[in-house]
Amino acid sequence: MSDYAVIDPATGETIATYPTASDADVEHALAAADAAARGWGRASTPADRADLLRRAAQLHRERRDDLAAIIVREMGKQIDGALGEVDFAADITEYYADHIDEITADVPVAIEGEGTAVIRKAPLGALLGIMPWNFPYYQVARFAAPNLAVGNTILLKHAPQCPESAAAIEAIYRDAGFPVGAYTNVYLTNEQAAEVIADPRIHGASVTGSERAGAAVAEVAGRNLKKVALELGGSDPFIVLSADDLDAVAQAAVDARLDNTGQSCNGAKRFIVVDGLYDRFVELFAAKMSEASVGDPWSTDTVLGPLSSLAAAERLEDQIQGAVAQGATVVTGGTRDGAFFTPTVLTGVTAEMDLYREELFGPAGVVYRVADEDEAVRVANDTPFGLGSYVFTTDAAQAERVADRIEAGMVYVNLVLADEPGLPFGGIKRSGTGRELGLLAAEEFVNKKLVRVG
């Protein structure tokens, strides 16, 4: 698909198409990003950049309704979720303005000899960001804001189904007062993106997306000795070891699974429950999942809109049908109507089945029965992914113990949907490398320069 297009997944209607960038467009964007990095990026003060970021956050809030409407059309996000995403993108952007002194301050180093030593953080230069469709504003904010805070400049390749939101974000940074080249949206093909990564004016690349996309970018970056940050797939475990209120735990499981119509990389996808709680948990979980309304994403009464595309819904259907053919059981759901999919609960998935090591990107979860804590940890870690995880227990010592044993970049204990701008986000294994959000995000693409004075 050479053109970027807005295709409403709820109706299948193609609303608008956008041509990909010409070679001249790409060269112009690269030259502008490099010039801005060498000029504004090095000459601007932290206070200057903080003022610009605060204005960008303000514009997110002022344009909230229009921005939300765009992503309902582009990828079917339910309207309340769309509004909430715009709010979160504004909060993230403002976070880096508020913490810019901490981000950019010299870090003293203790030395044995006379004089001083500090680590001074300097921008690398122009960066390429390759962002996905599932959170069109949030994903961009958590890459762009910390890097603009430190003085890097951004070329942004958004998902082909998000051309309108991509242009809207560029307009925000332009209207906030960032100079030409500080943030540039480019409708790149994959081939052009590879050429941009290889260009010596680009000093790093950040990808949020599939394993395949991450591997392709990392390969090109590696050949050209460029730094990469990768936030890829996830199959996060939701471990239930004990509960005073199992109904509340089951509701938390539903919330963690159905957020963004189940299309979150860090959504809970594998529900690992000790034997004594398993039957009742499955009963509660399936009942609550089946109650979630599926329908018009513009309605505030809707819980689940369509998946992002017909192809995404067909992929989920194929995974579930394949699991059933191999012996799994559908407790509830499992049906598709165009791009809409009913909330689905599966049991009986074993390690011999394909689905055991796949990511379900939609409103479907698998429940596993385990004997005890040790087996729960073993099943949780028996995955190629290592993004997030959830542990529910009434035993504080057990919570600490299991958190230490989980192979993931994030562990949430007895709560879900608790992301904040200041909390680092990222994973290990095939879920990627590097961190976004929090203060760690601002250290991914900086030169941590040692300055030793005698």
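Residue numbering for the sequence shown is -19 to 434, as defined by this note's numbering.
All residues carry an ideal CB built from backbone N, CA and C; glycine is no exception.
Remark: C-beta atoms of Ala319 and Ala62 do not approach each other more closely than 8 Å. Linking Glu191 to Ser411 through their CA atoms gives a straight-line distance of about 8 Å. Here Ile110 really is in contact with Ala185; their C-beta atoms are around 7 Å apart, less than 8 Å. Three or more pairs of CB atoms, one per stretch, sit closer than 8 Å, so the segment 113 to 133 contacts the segment 68 to 87.
Per DSSP, Leu290 has no beta bridge partner at all. Within the segment 105 to 177, the beta strand (DSSP E) runs of at least 3 residues that lie entirely inside it are, in chain order, 106 to 110, 133 to 137, 163 to 165.
Between the segment 3 to 20 and the segment 37 to 55 there are fewer than three C-beta pairs closer than 8 Å, too few to call the two in contact. A distance below 6 Å between beta-carbons, with the five flanking residues on each side excluded, links Gly105 to the following residues of its chain, in chain order: Ala17, His183.
Per DSSP, the continuous beta strand (DSSP E) segment holding Val208 begins and ends at 207 to 211.
Judged by their CB atoms, Tyr370 and Ile219 are nearer to each other than the 8 Å cut-off. Secondary-structure assignment with DSSP links Asn427 through a beta bridge to Ala102.
Per DSSP, the unbroken alpha helix (DSSP H) holding Asp78 starts and ends at 59 to 78. If you look at Ala351, you'll find it isn't in any alpha helix (DSSP H); DSSP assigns it neither H nor E. The alpha carbon of Asp354 has as its nearest neighbour, out of Lys429, Ile386, Thr315, Tyr(-2), the alpha carbon of Ile386.
By the criterion of a C-beta distance shorter than 7 Å, Ala102 is surrounded in its chain by Val426, Asn427, Lys429, once the five residues flanking it on both sides are discounted. For Ile50, there is no enclosing beta strand (DSSP E); the residue is found in the alpha helix (DSSP H) stretching over 44 to 55. C-alpha of Trp20 to C-alpha of Asp81: approximately 18 Å in a straight line. Distance from Gln299 to Leu340 at the Cβ level is roughly 6 Å; contact confirmed, criterion being Cβ atoms closer than 8 Å. Closest by C-alpha distance to Pro343, out of Glu54, Ala356, Gln141, Leu326, is Leu326. In this structure, Val431 places its C-beta atom within 8 Å of the C-beta atom of Val98. By DSSP's assignment, Gly366 forms a beta bridge with Ile408. Under the three-pair Cβ rule at 8 Å, the segment 19 to 33 does not count as touching the segment 250 to 264. In the DSSP assignment, Val310 forms a beta bridge with Leu326. With contacts defined by Cβ atoms closer than 8 Å, Leu136 and Tyr163 form a contacting pair. Burial check for Asp179: the Cβ neighbour count within 10 Å reaches 16 or more, so the residue is buried. Following the DSSP letters along the chain, one finds Val253 inside the beta strand (DSSP E) bounded by residues 248 to 254.
For Asp317, the secondary structure class from DSSP, reduced to helix, strand or coil, is strand. Thr373 is positioned such that its CB atom lies closer than 8 Å to that of Ser222.
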